[in-house]
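Numbering (UniProt numbering), first residue to last: 29 to 362.
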Ligand code: ADP
């Protein structure tokens, strides 16, 4: 059974895995990427050969891992899961590649964080299905070419722009995931509530969906916190009242912004007079890594019109000042 006992497990990774849809038709939203991928997979299935390599890009929590797993399950092939940071040496990758079976899906999360030498080995392997295994050390070392069975790489990245062109060019299909519409998040939340055995009405689902930063992972996480609140303080039903109370408790504001989002806006407006300010300065001000500010907080703030990216750095839009209850300075009006 795929039903999760909410009392038994509340480990983020366990719950995420349990809530992950397995078939493309269960994947809500992102109609473009879903249709494109569906075509690529159907064609491969009819040809009886592995599909082109697939690159998925977009902010965290939008379904890249989920789609990667669907590539394997739709084709009924095994999948190997690893990530860029886990492959520090080309040798690690050579070992991995040489153990792949025909048609296997190799999921490389955070592919932009692989080492340079591994990157080079990967794009040769993707193109020629061949890897040079180096035997021995120093002057006596020899490279033994090893043929690989055809396989499919599914790469995921929050930063497609950081991939070197030769690697990016090896992907026959690139899907860009965008933030979800509220209606799609509601569909996802209803399904999650059912799987978790949580009773939820539409007012509760709508409230959570509209405050989830357009992100399924966040929606599913907030659902569990609202469920907690409903179980402890309410009747157990996830409704609007439970959602309001729980989201306030967990510092999710009316626009769905979390603490990091608000820290970025506070720093921009109060500390830097609205900017523009460079990313690294901004990151230091909020006590986070530049990469976190840029890939986690910023995409949503930009898309919702709170923050503007300019050639000289990040600037606060009028909406940011208003959101913090500040009056909009003349300089931010343009
Ligand atoms: P990413 O790899 O982009 O960080 P994941 O694929 O791990 O994101 O998705 C995070 C969570 O959100 C998972 O539990 C997944 O089941 C859920 N999720 C993401 N996209 C969808 C979707 N379109 N439909 C249903 N659930 C989704």
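C-beta atoms are modelled at their ideal positions from N, C-alpha and C, and glycine is treated no differently. Note that the structure is predicted; figures quoted are calculated from it, not measured.
**OP:** For residue 180, write down the residues that DSSP places opposite it in a beta bridge.
**Re:** 133
Subject >> Cα-Cα separation between residue 97 and residue 361, rounded to whole angstroms >> reply: In a straight line, the C-alpha of residue 97 is about 46 Å away from that of residue 361.
**OP:** Measure the C-alpha to C-alpha separation of residue 309 and residue 254 and round it to an integer number of angstroms.
**Re:** 35 Å
Subject >> Extent of the continuous alpha helix (DSSP H) to which residue 305 belongs >> reply: First-last for residue 305: undefined, no H or E at that position.
**OP:** Sort 244, 52 and 81 by Cα distance to residue 88 and report the nearest one.
**Re:** 244
Original post:
Looking at C-alpha atoms only, which residue of 246, 267 and 250 is the closest neighbour of residue 231?
Top reply: 267
Original post:
Roughly how many whole angstroms lie between the Cα atoms of residue 99 and residue 325?
Top reply: 29 Å
**OP:** Pull up the CB-CB distance for residue 149 and residue 121, whole angstroms please, since I reckon it's below 8 Å.
**Re:** 5 Å
Original post:
Counting pairs of beta carbons, one from the region 176–183 and one from the region 68–83, are three or more of them closer than 8 Å?
Top reply: yes
**OP:** Might you give, ordered along the chain, the residues of its own chain that have their beta carbon closer than 6 Å to the beta carbon of residue 30, omitting 5 neighbours on each side?
**Re:** Annotation note: pLDDT 47 at residue 30 (below 50); position unreliable, coordinate value reported separately. Cβ neighbours of residue 30 beyond the five flanking positions: none.
Original post:
If you scan the region 31–80 from start to end, which runs of the beta strand (DSSP E) of 3 or more residues do you find wholly inside it?
Top reply: none
**OP:** If I'm right that residue 192 touches residue 227 with Cβ under 8 Å, what's the distance once you round it to whole angstroms?
**Re:** At roughly 50 Å, the Cβ-Cβ gap does not stay under 8 Å, so residue 192 and residue 227 are not in contact.
Original post:
Would the beta-carbon of residue 238 fall within 8 Å of that of residue 284?
Top reply: Between residue 238 and residue 284, the CB-CB gap stays under 8 Å.
Subject >> Nearest candidate by alpha-carbon position, reference residue 165, set 119, 174 and 131 >> reply: 119
Original post:
Under three-state DSSP, which class holds residue 160?
Top reply: strand
**OP:** Answer yes or no: do residue 250 and residue 240 have a C-beta to C-beta separation smaller than 8 Å?
**Re:** Yes.
**OP:** Kindly indicate which residue of 204, 157 and 114 has the alpha-carbon position closest to the one of residue 143.
**Re:** 114
**OP:** With a 10 Å radius around its C-beta and 16 neighbouring C-beta atoms as the bar for buried, classify residue 311 as buried or exposed.
**Re:** buried
Original post:
Exposed or buried, which one is residue 252 when buried takes at least 16 other CB atoms within 10 Å?
Top reply: buried
Original post:
What is the residue span of the beta strand (DSSP E) that residue 126 lies within?
Top reply: Note, residue 126: premise wrong, no beta strand (DSSP E); alpha helix (DSSP H) at 118–126.
Original post:
Would a C-beta distance cut-off of 8 Å place residue 208 and residue 57 closer than the cut-off?
Top reply: yes
Original post:
In chain order, which continuous runs of the alpha helix (DSSP H) of length 4 or greater are located wholly inside the region 217–300?
Top reply: 230–238, 244–261, 268–277 and 287–294
Original post:
Taking the continuous beta strand (DSSP E) assigned at residue 85, which residues delimit it?
Top reply: 82–85
Subject >> Residue span of the alpha helix (DSSP H) that contains residue 94, given as start and end >> reply: 92–103
Subject >> Burial state of residue 315 (16 or more Cβ within 10 Å) >> reply: exposed
Subject >> Whole-number beta carbon distance between residue 304 and residue 342, since they are thought to touch under 8 Å >> reply: 6 Å
**OP:** Grab me the residues of residue 73's own chain with a C-beta within less than 7 Å of its C-beta, minus the 5 sequence neighbours each way, in chain order.
**Re:** The residues are 103.
Original post:
Out of curiosity, what's the CA-to-CA distance linking residue 352 and residue 293?
Top reply: 8 Å
Original post:
With 16 other CB atoms within 10 Å as the buried threshold, where does residue 92 fall?
Top reply: buried
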